[in-house]
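Engineer: First the structure, which I've put down as C-alpha cells, then a few questions once you've had a look.
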Amino acid sequence: MRIVLCYPVLDRHIAQIQAAAPDAEIVDAGQERIDELLPSADVFIGHAKVPVDWDRVLAAGNLKWIQSSAAGLDHCLVPGVIDSDIVVSSASGLFAPQVAEQTFALLFGVLRRLPLFFRAEATRDFTRLPTDDLRGKTVGIVGLGGNGRVIAKMLAPWETRLIATDYFPVDKPNEIDQLWSSDQLPRLLAESDIVILTLPLNSQTEGLFDEACIAQMKPGSYLINVARGAVVVESALTAALASGHLQGVGLDVTEVEPLSPDSLLWDDERVIITPHVGAQSYRRVDDSTDLACINLKRYLKGESPYNLVDKKLGFPHPSVAYRGESQ
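Going by this note's numbering, the sequence shown opens with residue 144, and the numbers climb by one from there.
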C-alpha cells in the first residue's frame with residue numbers, strides 16, 4: 144500500500160504514520176509533487192492546494208481513500224471522486240477551538256468597534272467612540288457542526304440567546320435555546336442580532352447569502368463568516384453595508400481569495416478581515432497526523448474512518464463525527 148502525503152509534515156509525523164501502517168510505503172509529495180505522485184497512491188492524506196489532474200488519478204484506478212487534512216473538501220470532491228468508490232474523510236471539527244477563538248476575535252472586534260479605534264490610534268486621537276455589547280444579544284449560528292457547537296459552548300456564559308440551524312438538527316446542545324432544520328434559516332435571520340456562519344461549502348450553500356438572504360437579516364445586525372467565503376456574495380455584502388442594513392461584518396474568508404485590493408470591504412471601518420487563518424494552530428500538523436493515524440488504523444481493520452464524508456452532501460453525518468478519541 145502506498146500512502147501519499149501532502150501537508151507540511153516533519154520526519155516525526157512520517158514516522159508516526161509509518162508506525163500506524165508498518166507495511167505501507169509512505170511518500171511525502173508536498174505541494175510540489177502531488178499532481179505527479181497522486182495517481183500512484185492507494186491512500187492520500189493531506190490537502191492539495193495546487194491543481195490536480197483528477198481525471199488522471201481516477202484513470203489510474205489506485206486511489207481508495209482520501210483523508211483530508213482540511214474540513215473543506217472542494218480540493219478533492221470533484222464529480223469523478225463523488226461518483227467513484229473512493230472513501231473520503233475530513234478534518235471536520237478538528238480545529239473547532241481555533242475557529243471559535245477566531246470567531247470571538249472578529250465578533251468582539253466588530254462589536255467594540257476596534258477598526259475605528261485602530262484608525263484613531265494611528266493618528267494619536269484619544270477620543271471616545273460608540274461601542275456595542277454582546278450581552279443580551281440573540282446569536283444565530285448557521286451550520287451546527289463541530290465548529291458551530293464549540294462556538295455555542297464558548298458563547299454560553301455571555302448571557303446570550305443562542306439559536307441555530309443545521310442540515311441535521313439532532314443532538315441539541317444544552318447551550319442552544321432552539322435548533323431548527325436548515326429550511327428555517329429565514330426565521331433564524333429574522334430573530335438574530337448576530338449571525339455566525341459555520342456551514343460547509345457545497346452546491347446548496349454556494350452563494351446562499353445573496354442580496355435576498357441578507358435582506359432577511361434584522362436591520363442593524365452583524366454578520367461573522369468563519370465558514371467558506373463563497374457562501375456569501377461579496378457584492379450583496381457591500382450593498383448591505385452601504386445601505387446601513389448591516390452594522391458590522393467580520394470575515395475570516397472571502398468569496399474570492401485573496402480578496403481583491405480593489406474590494407470595497409478593505410476601507411469600510413465596520414469590517415474586520417483576516418486572511419483565512421481561523422484553523423491555524425501551532426498543533427495543526429500534530430493534530431492532523433493524530434487523526435490520520437487513528438483513521439488509518441481503522442481503515443486497515445476494515446472499519447469506517449471518523450468524519451466519513453457523505454460525498455453528495457460534502458460533509459460528514461453527525462453520527463460519524465470525530466470527537467477526540469485517543470489512539
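No residue lacks a Cβ here, since even glycine has one placed at the ideal position from N, Cα and C. Since this is a predicted model, take the numbers as computed values, not measurements.
With distances taken between CB atoms, is the gap from K296 to I337 smaller than 8 Å?
Structural biologist: Numbered from its first residue, the sequence shown carries residue 296 at position 153. Numbered from its first residue, the sequence shown carries residue 337 at position 194. Result no, Cβ atoms of K296 and I337 do not sit closer than 8 Å.
Engineer: Report the rounded CA-to-CA distance for N438 versus S447, giving the unit in angstroms.
Structural biologist: For the purposes of this step, residue 438 is taken as residue 295 along the sequence shown, with counting starting at 1. For the purposes of this step, residue 447 is taken as residue 304 along the sequence shown, with counting starting at 1. Distance between the alpha carbons of N438 and S447: 8 Å.
Engineer: Which residue wins for smallest C-alpha separation from V463, given the options L451, G457, A373?
Structural biologist: Position 320 of the sequence shown holds residue 463. Considering only alpha carbons, the answer is L451.
Engineer: Taking only three categories from DSSP, how would you classify L237?
Structural biologist: Here the question's residue 237 lines up with position 94 in the sequence shown. Of the three classes helix, strand and coil, the one that applies to L237 here is coil, per DSSP.
Engineer: Given a cut-off of 8 Å on the beta-carbon distance, is the pair R371 and G215 in contact?
Structural biologist: For this step, residue 371 is matched to residue 228 along the sequence shown. For this step, residue 215 is matched to residue 72 along the sequence shown. Yes, Cβ-Cβ distance for R371 and G215 is below 8 Å.
Engineer: Could you name the residues that DSSP lists as bridge partners for F187?
Structural biologist: Along the sequence shown, read from residue 1 onward, the residue named residue 187 stands at position 44. Bridge partners of F187: V147, I209.
Engineer: Going by the CB atoms, is the gap between L250 and F260 shorter than 8 Å?
Structural biologist: Here the question's residue 260 lines up with position 117 in the sequence shown. Here the question's residue 250 lines up with position 107 in the sequence shown. Cβ atoms of F260 and L250: not closer than 8 Å.
Engineer: Determine, for D309, whether the minimum Cβ-Cβ distance to residues of chain B falls below 8 Å.
Structural biologist: Annotation note: the requested chain B is absent from the structure, which comprises a single protein chain.
Engineer: Please identify the residue among R199, D166, Q161, E168 whose C-alpha is closest to the C-alpha of E179.
Structural biologist: The residue labelled residue 179 in the question sits at position 36 within the sequence shown. Of the candidates R199, D166, Q161, E168, the one whose C-alpha sits nearest the C-alpha of E179 is R199.
Engineer: Please return the same chain residues whose Cβ sits closer than 8 Å to the Cβ of A203, not counting the five positions on each side in sequence.
Structural biologist: The residue labelled residue 203 in the question sits at position 60 within the sequence shown. So the qualifying residues of the chain are P182, S183.
Engineer: When the Cα of E377 is compared with those of Y365, F458, L402, which residue comes out closest?
Structural biologist: For the purposes of this step, residue 377 is taken as residue 234 along the sequence shown, with counting starting at 1. Closest option to E377, Cα to Cα, is L402.
Engineer: Quick check on D353: buried or exposed, where buried means 16 or more other Cβ atoms within 10 Å of its Cβ?
Structural biologist: Stepping through the sequence shown from its first residue, residue 353 is reached at position 210. That one is exposed.
Engineer: Please confirm whether V285 and L254 have their CB atoms less than 8 Å apart.
Structural biologist: On the sequence shown, position 142 is the one that residue 285 refers to. On the sequence shown, position 111 is the one that residue 254 refers to. Not a contact, by the Cβ cut-off of 8 Å.
Engineer: Can the beta-carbon of L389 be found less than 8 Å from the beta-carbon of I416?
Structural biologist: The count along the sequence shown starts at 1 and reaches residue 389 at position 246. The count along the sequence shown starts at 1 and reaches residue 416 at position 273. Contact flag unset, no.
Engineer: Using the Cβ count rule (16 or more neighbours within 10 Å means buried), how would you classify W409?
Structural biologist: Reading the sequence shown from its first residue, position 266 is the one you call residue 409. When all chains shown are included, W409 counts as exposed.
Engineer: Can you give the Cα-Cα distance for K361 and G173, rounded to whole angstroms?
Structural biologist: What you label residue 361 is simply residue 218 of the sequence shown in a count that begins at 1. What you label residue 173 is simply residue 30 of the sequence shown in a count that begins at 1. K361 and G173: Cα-Cα distance of roughly 46 Å.
Engineer: Alpha carbon to alpha carbon, what distance is there between V375 and Q470?
Structural biologist: Residue mapping note: residue 470 aligns to position 327 of the sequence shown, counting from 1. Residue mapping note: residue 375 aligns to position 232 of the sequence shown, counting from 1. Bear in mind that a pLDDT of 38 at Q470, under 50, signals an unreliable position, so the model cannot answer this.
Engineer: Just tell me which of Q161, L305, P418 has its CA closest to the CA of T397.
Structural biologist: What you label residue 397 is simply residue 254 of the sequence shown in a count that begins at 1. Closest option to T397, Cα to Cα, is P418.
Engineer: For W409, which three-state DSSP category applies?
Structural biologist: Looking up residue 409 in the sequence shown gives position 266. Coil at W409, not helix or strand.
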